[in-house]
Every structure is written in C-alpha cells, then in structure tokens.
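J.: Chains B and P, in that order, are what the protein sequence lines are. First residue of the first sequence? That's 616 in the numbering used here, and the numbers climb one at a time after it. First residue of the second sequence? That's 131 in the numbering used here, and the numbers climb one at a time after it. Glycine included, every Cβ here is placed at the ideal spot set by N, Cα and C.
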Amino acid sequence: MTKPNTGELDPQDSAGSEIKSYTIGFTASLFLTVGAFAAAMSDLPLRWKIACICAAAILQIVVHMRNFLHLSFSGGQSREDLLLVLFSATLLVIMAGGTWYIMSDLSGRMHDTDAAMHEVQPR
Amino acid sequence: MSETNLYPGLNLGDGHGEAHDQAETTVFGFWVFLMSDLIIFGILFASYASYLDPIGMAGGPGPQDLFDFKSVAIQTAFLLVGGAAYGDVSLAVKYDQGRGKVAAWLLLCAALGAGFLFFEVKDFITQAGKGGTPQVSGWLSSYWTLVGLHGVHVLSGILWIFAMIAQIATRGLDGVVKVRLSMLGVFWHFLDLIWVGIFSLVFLVPLA
C-alpha cells in the first residue's frame, strides 16, 4: 500500500517530542553509565557493587531500546518486532543462562571440592 | 508517540511515502539479522562469564593486570555520544534538513566510532604486550573474541557510514538511501546496546 507523498511533514509538531525522547535517552544513559562506574570504584561490599552494575546495565539496555531503537512495549509497535525481541530474549535466557548455570555448577562440583571432600572423607 | 511504529528505529513517517512503507519490510529483515547477532553475542557473554574464575584464567594475567579503567570510560563516552549523534542523522533525514546536514552528522558518528576503535586497539596492543594474548587462557580467548567481534562491528559500521556518505553524494537523499540510513541507524544503536553489556559485565564486574 503506498501513501501519497504530500510533502507536508509538520516538522515542529513531532520533532519536538522526538528530540525530547533522544535527550531523555542520552541523559538517562549518561547517569546510568556514570552510576555503574561509580559503583565499581566505590567501597561497597562486592555483592552490592555487582548488583548495582547489573541493575544499571539492564536499565540502560531498556533505555536504549525505548529511546534509541524506538521499540515500544505498550502497543505502539508492530507486533512482529516485539515478538522477535521477546523470542530472541527467550533464546538468550535458555542458551546463555543455561551455559552459565551448567558451567558454574560443573565448576562447583569439580574444583571447589575442598569443603565437600572433608565432609565425605571421614566415612 | 501516538502513531504505531512499523519497524525498529526512528520511523520515517507517512510524509516519506513509499520509502516509509519499503522500510517496514527491509528494516524488519535487518532487525532479524541483528537479533541473530544478539544470540551470538549472548553466547560469547555466557562463555566469558563461565571463564571468569581462577581456573579459566589458567595462571595467565587476569582483569586486574590487563584492564584500564580510564580507557574503558573513554571508549564508553565515545560510543554513547556516537549513538546520540546518530539520532541527529535520523532526525535530519526525517525532517528533510538537506544532505549536507545528514552527511555532517554521519561524519561525526564515524569520527566518534573511530575514536572508540583507536582506544580499543591501543588497549589490545597494551594487553598483548603484558602477555594477555588470546592463546594464554580460556578467559583471554573469550575476552578477545567477544570484545574483538564488537570492534569489528564498529569498524564495519564506520565503513558503512562512508558508503552511505558516498551514496548521498551521488544519488541524493532518495527513498533507497533513506531506507538504508534507517538500517544503519538500527545497527549503530544496536552496537551501543551491546557495548553496555560489555563495559558492565566484561570490564566493571571483574574490576569491582
């Protein structure tokens, strides 16, 4: 279906909101990046530092998808785009998450055996 | 935005007629490619995370010996500003601000991408000099593959930008060029997104 090219773009109308969206995205990314670096350099306990870095990364990825890639999760997006993103995310969770889980479990069973050995040996 | 987005990235809008409709299928196809690219990166992230322990480092140099906090921050800044600069490319195309402006913003993107690559390659050379070559340990292999693959993507993005500038110069901003610029935009922002994962997981978590 082709639409007539009217040449009327009403630039001021929506350019304002789009520039605003990019500006919000950039500012939020900047804060989240600085936050992640600050957390890494801070004196917080390791567990908290890693939690902060991961939270900032996930938030920033959402910001990038919303404000830079213009993927909307509230219906303003063509269905296939959204399905593809969700499908890819599911595959990632299964494959990447599964790899990481299996490898760390294996590592725990094969290498960190000092404690386990002491439990077993007396018998 | 009230109107429905037909494809990822800033949509050209009805005012661009056929280019806007053409972009729906073309950019969607490109998005399919990027999502499969995402799977590759995801698997590389998973292997990096799996190797990130003393056994994976196999007695070779570790993150504390090789990574340079300041250089990572500089690279991140280059890419983040580069991503925002492409927003201006998309807006200049959408609102017909002329080919000069589009080309100027594209050049800025390429320059920022090149700045990023300069520091990344400098880091790679320093790390190799300190004995951190890919064959030393599983952790280093996964590090070079993951970060190197992202670097190759940025390099191809820069080459693509120059190809687009050449097309703008010869063809002008016609429908085909607009669709291709939309694809390049999605690609460029996607690289930014991957870098968020890299600087967080690859650099900051081990250095924390």
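Closer than 6 Å by C-beta to F158 (chain P): which residues in its own chain qualify, once you throw out the five before and the five after it? Chain order, please.
T.: Residue 158 (chain P) sits at position 28 when you count from the first residue of the second sequence. Here the set comprises Y137.
J.: Are A614 (chain B) and V700 (chain B) closer than 8 Å when you measure CB to CB?
T.: The displayed coordinates of chain B run from 616 to 738. Any statement about residue 614 (chain B) would go beyond what the structure contains.
J.: Could you pull out every residue in the same chain whose Cβ sits closer than 8 Å to the Cβ of L337 (chain P), ignoring the five residues on either side in sequence?
T.: Here residue 337 (chain P) corresponds to residue number 207 of the second sequence, with the count starting at 1. Counting only Cβ-Cβ distances below 8 Å, and skipping sequence neighbours, we find P193, Q194, F197 and F199.
J.: Would K740 (chain B) pass as an interface residue toward chain P - the criterion being a Cβ-Cβ separation below 8 Å?
T.: Past the boundaries of the shown model lies residue 740 (chain B); chain B is included only from 616 to 738, so the question cannot be answered.
J.: Which stretch, first to last residue, makes up the alpha helix (DSSP H) that contains K308 (chain P)?
T.: Counting from 1 along the second sequence, the entry for residue 308 (chain P) is found at position 178. That run of the alpha helix (DSSP H) goes G305 to G327.
J.: Within 8 Å, do at least three Cβ pairs link the stretch 176-195 of chain P to the stretch 266-274 of chain P?
T.: Cβ pair count under 8 Å is three or more, so yes.
J.: Which residue's Cα is closest to the Cα of V219 (chain P): P:L323, P:I324, P:G145 and P:H319?
T.: As a working note, residue 219 (chain P) is residue 89 in the second sequence. Ranking P:L323, P:I324, P:G145 and P:H319 by Cα distance to V219 (chain P) puts P:H319 first.
J.: So, at 7 Å on beta carbons, what are the nonlocal neighbours of N620 (chain B) in its own chain, with the 5 sequence-adjacent residues on each side left out?
T.: Counted from its first residue, the first sequence places residue 620 (chain B) at position 5. In this prediction, N620 (chain B) scores a pLDDT of 46, lower than 50, which makes its location untrustworthy; no coordinate-derived value is stated.
J.: Would F683 (chain B) count as contacting chain P if we go by Cβ distances under 8 Å?
T.: Numbered from 1 along the first sequence, position 68 holds the residue referred to as residue 683 (chain B). Yes - at least one Cβ of chain P is within 8 Å of the one on F683 (chain B).
J.: Quick one: is V306 (chain P) buried, meaning 16 or more other Cβ sit within 10 Å of its Cβ, or exposed?
T.: If you number the second sequence from 1, residue 306 (chain P) lands on position 176. When all chains shown are included, V306 (chain P) counts as exposed.
J.: DSSP on V346 (chain P), reduced to helix/strand/coil?
T.: For chain P, the structure presents residues 131 to 338; residue 346 (chain P) sits outside this window and is missing.
J.: Given that T714 (chain B) touches chain P, what residues does it touch there, using C-beta distances under 8 Å?
T.: By 1-based counting over the first sequence, the position of residue 714 (chain B) is 99. Result: I173, A176, S177 and S180.
J.: Check A338 (chain P) in the structure and name its three-state DSSP category.
T.: As a working mapping, residue 338 (chain P) is identified with position 208 in the second sequence. Three-state result, A338 (chain P): coil.
J.: Sort P:S312, P:I295, P:L331 and P:F163 by Cα distance to A233 (chain P) and report the nearest one.
T.: In the second sequence, counting from the first residue as 1, residue 233 (chain P) sits at position 103. The option with the nearest alpha carbon to A233 (chain P) is P:I295.
J.: With DSSP as the reference, label P193 (chain P) as helix, strand or coil.
T.: Looking up residue 193 (chain P) in the second sequence gives position 63. It is helical.
J.: Mind checking whether V332 (chain P) and L276 (chain P) have CB atoms under 8 Å apart?
T.: Here the question's residue 332 (chain P) lines up with position 202 in the second sequence. Here the question's residue 276 (chain P) lines up with position 146 in the second sequence. In this structure, L276 (chain P) lies closer than 8 Å to V332 (chain P) by Cβ.
J.: Taking A630 (chain B) as the query, report the chain P residues whose CB atoms sit under 9 Å from its CB, ordered along the chain.
T.: Locating residue 630 (chain B) in the first sequence gives position 15, counting from the first residue. By Cβ distance, chain P contributes L221, K224 and Y225.
J.: Going straight from the alpha carbon of K618 (chain B) to that of Q152 (chain P), what length do you get?
T.: Residue numbering aside, residue 618 (chain B) sits at position 3 when the first sequence is read from its first letter. Residue numbering aside, residue 152 (chain P) sits at position 22 when the second sequence is read from its first letter. Only weak support exists for where K618 (chain B) lies, its pLDDT of 42 falling under 50; the value from the coordinates is given anyway. So the alpha carbons of these two residues sit roughly 11 Å apart.
J.: Report the residues of the stretch 225-248 of chain P with a CB closer than 8 Å to any CB of chain D, ordered along the chain.
T.: The structure shown has no chain D; the protein chains it does contain are B and P.
J.: Starting from the beta carbon of G213 (chain P), find every residue of chain B whose beta carbon is closer than 7 Å, and list them in chain order.
T.: What you label residue 213 (chain P) is simply residue 83 of the second sequence in a count that begins at 1. Those within 7 Å of G213 (chain P) in chain B are F683.
J.: Go through its chain and collect everything with a Cβ distance to A672 (chain B)'s Cβ below 7 Å, but skip five positions before and after it.
T.: Position 57 of the first sequence holds residue 672 (chain B). Within the same chain, A672 (chain B) has close Cβ partners A651.
J.: For L340 (chain P), decide whether its Cβ has a neighbour in chain B, counting only Cβ atoms nearer than 8 Å.
T.: The structure shown does not extend to residue 340 (chain P), since chain P spans only 131 to 338, so no value can be given for it.
J.: Consult DSSP for N141 (chain P) and reduce its assignment to one of helix, strand or coil.
T.: As a position in the second sequence, residue 141 (chain P) is number 11, starting the count at 1. Of the three classes helix, strand and coil, the one that applies to N141 (chain P) here is coil, per DSSP.
J.: Check the Cβ-Cβ distances between I169 (chain P) and every residue of chain B, and say whether any is below 8 Å.
T.: Against the second sequence, residue 169 (chain P) aligns to sequence position 39. At least one chain B Cβ lies under 8 Å of I169 (chain P).
J.: Does the beta carbon of M165 (chain P) sit closer than 8 Å to a beta carbon anywhere in chain B?
T.: By 1-based counting over the second sequence, the position of residue 165 (chain P) is 35. With 8 Å as the cut-off, M165 (chain P) counts as an interface residue toward chain B.
J.: For the stretch 646-659 of chain B, enumerate the residues whose C-beta is nearer than 8 Å to any C-beta of chain P, in chain order.
T.: Listed by position along the chain: T648, A651, F652, A654, A655 and M656.
J.: Would DSSP call G228 (chain P) helix, strand or coil?
T.: In the second sequence, residue 228 (chain P) corresponds to position 98, counting from 1. In this structure, G228 (chain P) counts as coil in the three-state DSSP scheme.
J.: Can you check whether the CB of L314 (chain P) is closer than 8 Å to the CB of I288 (chain P)?
T.: For the purposes of this step, residue 288 (chain P) is taken as residue 158 along the second sequence, with counting starting at 1. For the purposes of this step, residue 314 (chain P) is taken as residue 184 along the second sequence, with counting starting at 1. No.
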